[in-house]
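The structure under discussion appears below in the form of C-alpha cells.
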Amino acid sequence: MEKVDVIIVGGGLAGLSCAYELADSGMTVVVLERGDFSGSKNVTGGRIYLSPLQSYLPDLWKDAPLERHVTKEFLTLLGETNSTTVGLYSDRFNHDPYPSYTILRAKFDRWLADLVSGKGIYVIPEKKVDDLIREGTKVAGIKSGDEEFGADCVVGADGVLSFIAEKAGLRQPFQPEHFAVGFKEVIELDPKTIEDRFGLGEGEGAAQLFVGSLTKGMMGGGFLYTNLESLSLGIVVGIHSLNRREPREEVYKLLDEFRERPEIKNLIKGGNPIEYSAHLISEGGIRIMPKLYGDGILLIGDAAGFGLNMLVTVRGMEYAVASGVLAGRVIKRAKEKNDFSASSLAHYEELLKDSFIMKEMEGFKNSLHLLENERLFSKYPQAISNLFEKVMTVDGGPKERLYKTIWQGLKKDFLNYQTFKDWLQFRRI
Amino acid sequence: MTELLVFSEKNDLAFELVSKGREFAGALKMGLAAALLGEKAGAEANEYFAYGADRVYVGENPALAGFNAESYAEALYQIAQKNDAKILLIPSTKRGKELAPRVAQKLGAGCVTDATAVELKDGNLLISRYALGGNTVAGEVIKTAHKVITVMPKTFELGPKEDRKGEVVKADLNLKAPRARVVERQEKVGEKVDLETAEILVCIGRGLEKKEDLKIVEQLAKALGAEIGCTKSLCTDYQWLSEDRLVGLSGKKTSPRLVISLGISGQIQYTVGIRGARTAVAINKDKQAPIFAMSDYGIVGNLYEVVPMLAEKLKSA
Amino acid sequence: MNIIVCLKQISDLKYIRIKDRKPLLEGAPFIFGDMDRNALEEAIRIKEKVEGTKVVALALGGAKLKETIKAALAIGADEAVLLTDPLFANSDTAGTARALGKAVEKIGGYDLILAGEGSTDNFSSQVGPRLAEILDLPQITYVRKLEVQGKKLRAVRNMEESFEVVEVDMPALVTVANEINQPRLALLKDILKAGKKPVQDWKAADLGLSADQVGAKGSVREVVSNLAPEQARKQVVFEGELKDVVENLFNALTKEGALGR
C-alpha cells in the first residue's frame, strides 16, 4: 500500500488551513476533495471574522480574495407587514486591519487551494473517500474506489455530515434538532448600486440579519450580505422546526416569499440571480461534538461539530481555519516524536480548550435551548415592530403621549409571566 | 470562371446545397458545379442541372469505388484546382464532416463545419454554427480565397426544379488506392423515423428508470399523435431506443409545433435540438433543472405520475 | 508501439454563465473534453495489451496546461509535449493542426495518432483530418472499437446507416467516438507520481514556425460574433396538486393551439 504522512479528507476551509500549516514541515501531505474543485461544494452566508484569526495564518489574509470589509451591521425584526431595523456603523469597523469581510467561498477556497498546491501540497479534486483503513484501533489510511492509501495521520475535514467521523466511530448519531438548513442566492448587482443602496463607500460592506415572520414561526432567520459585485441573500431554518411544522413548508418557497418583502425587494431590484446553493449547518454546539481525535485521526472544522448559532451571527468558518491550523501544529509535533497515537494527538484537545473555539462553544452551549423558543421568531419581532410602529405613527386623532404608547405596548406583549420566563432564558446567551 | 462546387455522397442532400448555391453563385458571379464521384455517380447529373448546376464533374476512378476520405479529398482537391472552384459546399453528414477539413487542408483553405446558416454579407459568406457546447451561436467568416463549408442537412430548402441543361465533364483524376480498406459493412437496423419533420414530439431522458417504462411515454405520444425522441443516454448508452431518435447537438435538430421533454435535465447538448420548437414543455421533478428556463410551460413533478394523468386528460378531452 | 494522443484543453462548460447573451467562462476550471479522454483511455488500453508501447500526450494550450496535463499523465501517458508558447494563443483549427503537425514530426517514430472525434466546446472536428493530411496519413474517424493486430489496425466506425469495419496499416491517424470506452479514474498513487513524468514545452521557434504562421495571425477563419441566442421562452412553471397542474398545462397548450385540435 502506498503511503504519505498526512491525508486530509476535504478541501474546504478547515482542510486547506491544516494543509497550509503543514506546508513547510517537509511532510508529504495530500488533500482529497470530492467536488470538481475546492469551494464547489462549500457555502457560507456569509462573512468571515478575521480578528480571531490574527494568530492563525496571519499572512494569509492580505492577498486573499475577500469581498467587502463590513462597516455596517443591521438587525431587522420582521413582523408580517412591518419591521424594525437597528443599524450600527462604527469607525472601529472601518480601520485596517478590518475585523470582518464578506466572502464568496467558491472564489476564496479555489484561491486557497491554488496557494496550498503552490506550496507543494497535493490538492486532488474529484476524489471521494469511501472508507477508512484500520489496523486494530489505529486509523492507517483511506480507501477511495478500489485504491487503498496509507497515512500516519488522517484528518477528517469532510464537513457537517462527516463520513470520516462516522467511520472512525467518533461521532454519535445525528439528531435533526442539531442542524439547520441554509438556502442562499447570489444576486449580481453593480458595485456602485450596492454602495448607493446601502450607503457604503467603495469597498465597504453591510451585513444584515433578519428574524421574525420570514420563517413563519420556525427557528431560523434571514441574511443579506454585500459582496463586491453581488448580494448574498438567504434563509436558515432549523430542521427540527421544519419537520414539526404542519403543513410542511419548503425552504426555497420561504426564500421566494422573503425576496418579495418590500424591505428586500427594493434592495435587490435590478439584480441578476446567478447562483443558488444550499448547505447544512451544525448548530448543536458542544452537546453534539464528537470525540475529536483517535489513533491516527483528527477531526477539524464542521466535521468536528465546530459550528455555533450565536443568534446575531452563525459561526463556523473561523473555527474551521483555527482548528485546521491547530491540528496542523499537533501533527507537526506528533511527527517530531513519531507518535500519532491518541495520547499524542490528545494535545489537540488541549490546544482547542485554550482557544477561542472551545471557549465560545462552552460559553454558548445553552443558546440552542433558547433558540427553540418559538416566540423569538414570531411574537417578539412582531410585537417590537408593532410597538415601534405605534410610536412612529401620527394619524388622524391627536397623538398619544409617548410614555402611554410604550407602556401599553409593553403591557400588552411583554409584561407577562411567559415573557419573564423567556427573559430568564435569554440570560443564557 | 471561378466556381462554387457542391459535393455529397448523398444526392438529396447535395440538391439542397445546389439550390442555395445557385443564389450565392449568382451574387458572387461564379459558376455553380457539382462533383459526382464513384461508380455510376454520373447517373443523377440531370437532377443536378434541374436544381441549378451549370456543370457536373463525374469522377469514376477505382479509388473512388467506396467512400473513403483519403481518395475523395484528393479527388475534390484536383477537381477544385483544375476548375478554379473557390467555394466548396458539403453537407454535414459524418462523411462530409471528415472529408471537408482534409480538402481544406489541401487547398490551404479555411473551413467551417456544421453550419446552421450561411448568408451573403458584404460580398462574403457569413456562416453560423453552434459553439461552446451549444451555448452560443458563432458567426464566422473565412479569410482565405478558398473556402470549405459543411452545412447541416435541411438548413437550405430544396429549390424548384427547372428544365435546364448543363455540361457533363469527365474528371481526369490521378488517384492512389486508399490505404484504409473497408472489409465489412454491418447495416444498422434503423427506424424510419423522421423527427425533423414531426409536428409534435415527446422526448424522454434519464428520468426514465427502466426500458419497460417507455410504455408510459408511448401512451402520451399516442394521445398526442407525437413522435418519440430521446437524449443520448437512452439511445447511445443504454440502447433502449435507436439513435435515429437522438435529439440534440449530435442528433436531430427539430422544429415541431410542440415538444414535451420528460425527465430531461436540459443540458445544452439536448436543448439545442429543440430550439426550433414553437411551444416547449418540460416535466421534471427538480425545480432547479435548466430545462425550465428553456421551456414555455413546465410542471415540477414526477413524470411517472404526471404523464399518465396527462395522457388520460388528452384522451378524454 | 508508439502512440501520440492529441488533447485540447477547454474550459469546463458546466460553469459557463451567460450575461447579456455573452458567454462568461472566468472561474471555469480547465479540463480535457470527453472525447479527448476517450482517446487517451484507448491509448492506455492498447499500452496494457501491447508490450513495449509508449504513449505521448501532446497538447497546445495556455499556461494552465502544465497543470491540466497531469491528469493525462496520471491516467497513464508516459510523457507529455506541451505547446504553451503565447504565440500559439488564439490559433484556429488550421493553425493548431500546423503546430501539432510540426510537433508530431519532431517527436517522430510514431505508429498511431489518436484524437477525439471533436472537442467538447466547439466540435469542429477539423484538427484530426487536417493533421492526417499534413502528415500524409490515412484517417479513420468515428471509431467505436479499435484493435491492434500486429502492424495493422482494425476499427469499427459508427456511420449513420451502418457500422463500417475498416483495416489500415500503421502509421495512421484515428479519431474516436464517445462510445468507444469508459475513461478510467486516475488512482491516487498515479496522480502523485504524475508530476514526475517528463514534460517538454516547445516554442514556435523550436518547431520552425514564425509568428504569422500560428496564433491569431495564422488564422484562416475569423469569429465575428459569439452570442447566446435570444431567449424567448415564457418559463411558466406549474406546481402544486397533480390534478391542477395537469389541468393548467392542458388549458395553456389548448389556448396556444399547440395541440392541433
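Just so you know, the protein sequences line up as chains Z, G and W, in that order. When we follow my numbering, the leftmost residue of the first sequence carries the number 1, and every step to the right adds one. When we follow my numbering, the leftmost residue of the second sequence carries the number 430, and every step to the right adds one. When we follow my numbering, the leftmost residue of the third sequence carries the number 747, and every step to the right adds one. Here a beta-carbon is modelled for each residue, glycine too, at the ideal position from N, C-alpha and C. Small disclaimer: the values here were computed from a predicted structure and weren't measured.
**OP:** Take the Cβ of Z:ARG92 as the centre, count every other Cβ of all protein chains shown within 10 Å, and call the residue buried at 16 or more, exposed below.
**Re:** exposed
Original post:
Just by C-beta distance, which residues in the stretch 112 to 144 of chain Z are closer than 7 Å to chain W?
Top reply: TYR122, ILE124, LYS127 and SER144
Original post:
Taking W:VAL966 as the reference, which of G:THR573, G:GLY680, G:GLU445 and G:LYS469 has the closest Cα?
Top reply: Among G:THR573, G:GLY680, G:GLU445 and G:LYS469, the Cα nearest to that of W:VAL966 belongs to G:THR573.
Original post:
Which term fits G:GLY467, buried or exposed, when burial requires 16 or more other beta carbons within 10 angstroms of its beta carbon?
Top reply: buried
Original post:
Can you name the residues that DSSP bridges to Z:SER277?
Top reply: According to DSSP, residue pairing for Z:SER277 in a beta bridge involves Z:LYS184.
**OP:** Give the single residue among G:ARG686, G:LYS651, G:VAL547 and G:LYS594 whose Cα lies nearest to the Cα of G:LEU517.
**Re:** Ranking the options by Cα distance to G:LEU517, first place goes to G:VAL547.
Subject >> Interface residues of chain W facing G:ALA722 [CB-CB closer than 8 Å] >> reply: GLN977, ARG979 and GLN981
Original post:
Roughly how many whole angstroms lie between the Cα atoms of W:ASP824 and G:ALA482?
Top reply: 53 Å
Original post:
Among W:VAL751, W:LYS898, W:ASP882 and W:PHE984, which one has its Cα closest to the Cα of W:VAL802?
Top reply: W:VAL751
Subject >> 8 Å Cβ cutoff, W:LYS935 in contact with chain Z >> reply: yes
**OP:** Would you identify the three-state DSSP class for G:THR584, choosing helix, strand or coil?
**Re:** Looking at G:THR584 - three-state DSSP - the assignment turns out to be coil, as it is neither helix nor strand.
Original post:
Looking at C-beta atoms only, is the number of pairs between the stretch 610 to 630 of chain G and the stretch 896 to 911 of chain W that lie closer than 8 Å three or more?
Top reply: yes
Original post:
Z:GLN382 lies in the alpha helix (DSSP H); which residues open and close that run?
Top reply: 379 to 392
Original post:
Is the CB of W:ILE777 under 8 Å away from at least one CB in chain G?
Top reply: no
**OP:** Mind listing the chain W neighbours of G:LYS682? Cutoff is C-beta to C-beta under 7 Å, in chain order.
**Re:** Neighbours of G:LYS682 on chain W: none; closest Cβ ~13 Å, over 7 Å.
Original post:
For W:ASP952, which option in W:ALA1004, W:GLU1002 and W:VAL850 has the closest C-alpha, if you only look at C-alpha atoms?
Top reply: W:VAL850
Original post:
Leaving out five residues before and five after Z:GLU148 in sequence, what residues of the same chain have Cβ atoms less than 7 Å from its Cβ?
Top reply: MET1, ILE133 and GLY141
Original post:
Can Z:ASN272 and Z:GLU188 be called in contact, C-beta distance under 8 Å?
Top reply: yes
Original post:
Where W:ALA817 and W:ASN784 are concerned, what is the direct C-alpha to C-alpha distance, given to the nearest angstrom?
Top reply: 13 Å
Subject >> Contact set between the stretch 943 to 969 of chain W and chain Z, restricted to residues whose Cβ is under 8 Å from the partner >> reply: none
Original post:
When you compare only the Cα positions, how much space is there between Z:ALA320 and Z:GLU350?
Top reply: 17 Å
Original post:
Going by Cα to Cα distance, which pick from W:MET781, W:ASP831 and W:ALA878 is closest to W:ALA962?
Top reply: Nearest C-alpha to W:ALA962: W:ASP831.
Original post:
Residues bridged to Z:TYR101 by DSSP?
Top reply: Z:ILE48 and Z:HIS69
Original post:
Would the beta-carbon of Z:THR405 fall within 8 Å of that of Z:VAL391?
Top reply: yes
Subject >> Continuous beta strand (DSSP E) assignments of at least 3 residues falling wholly in the stretch 658 to 746 of chain G >> reply: 687 to 691, 708 to 713 and 726 to 729
Original post:
If we cut at 8 Å on Cβ distances, does W:PHE909 have a partner in chain G?
Top reply: W:PHE909 belongs to the set of residues whose beta carbon lies under 8 Å from a beta carbon in chain G.
Subject >> Nonlocal neighbours in the same chain, by C-beta distance under 6 Å from W:VAL945, ignoring five residues either side >> reply: In its chain, beyond the 5 residues on either side, ALA826 have a beta carbon closer than 6 Å to the beta carbon of W:VAL945.
Original post:
Going along chain W in order, which residues have a C-beta closer than 7 Å to the C-beta of Z:GLU2?
Top reply: LYS935
Original post:
In terms of residues, what are the limits of the beta strand (DSSP E) holding Z:ARG134?
Top reply: 131 to 135
Original post:
What's the C-alpha gap between W:ASP990 and G:LYS744?
Top reply: Rounded to whole angstroms, W:ASP990 to G:LYS744 spans 17 Å at the Cα level.
**OP:** Indicate the three-state DSSP secondary structure (helix, strand or coil) for W:GLN872 in the structure shown.
**Re:** coil
Original post:
At a CB-CB cut-off below 7 Å, which residues of chain Z make contact with W:ARG763?
Top reply: ILE274
**OP:** Please decide whether Z:GLU147 counts as near chain W, where near means a Cβ-Cβ distance under 8 Å.
**Re:** yes
Subject >> Through-space distance from W:ASN994 to G:LEU653, alpha-carbon basis >> reply: As the crow flies, the alpha-carbon of G:LEU653 is around 17 Å from that of W:ASN994.
**OP:** Could you tell me which residues DSSP puts in a beta bridge with G:ILE571?
**Re:** W:ARG967
Original post:
Which term fits Z:ILE248, buried or exposed, when burial requires 16 or more other beta carbons within 10 angstroms of its beta carbon?
Top reply: Per the sequence shown, residue 248 of chain Z should be read as Arg rather than Ile. Flag for Z:ARG248 reads exposed.
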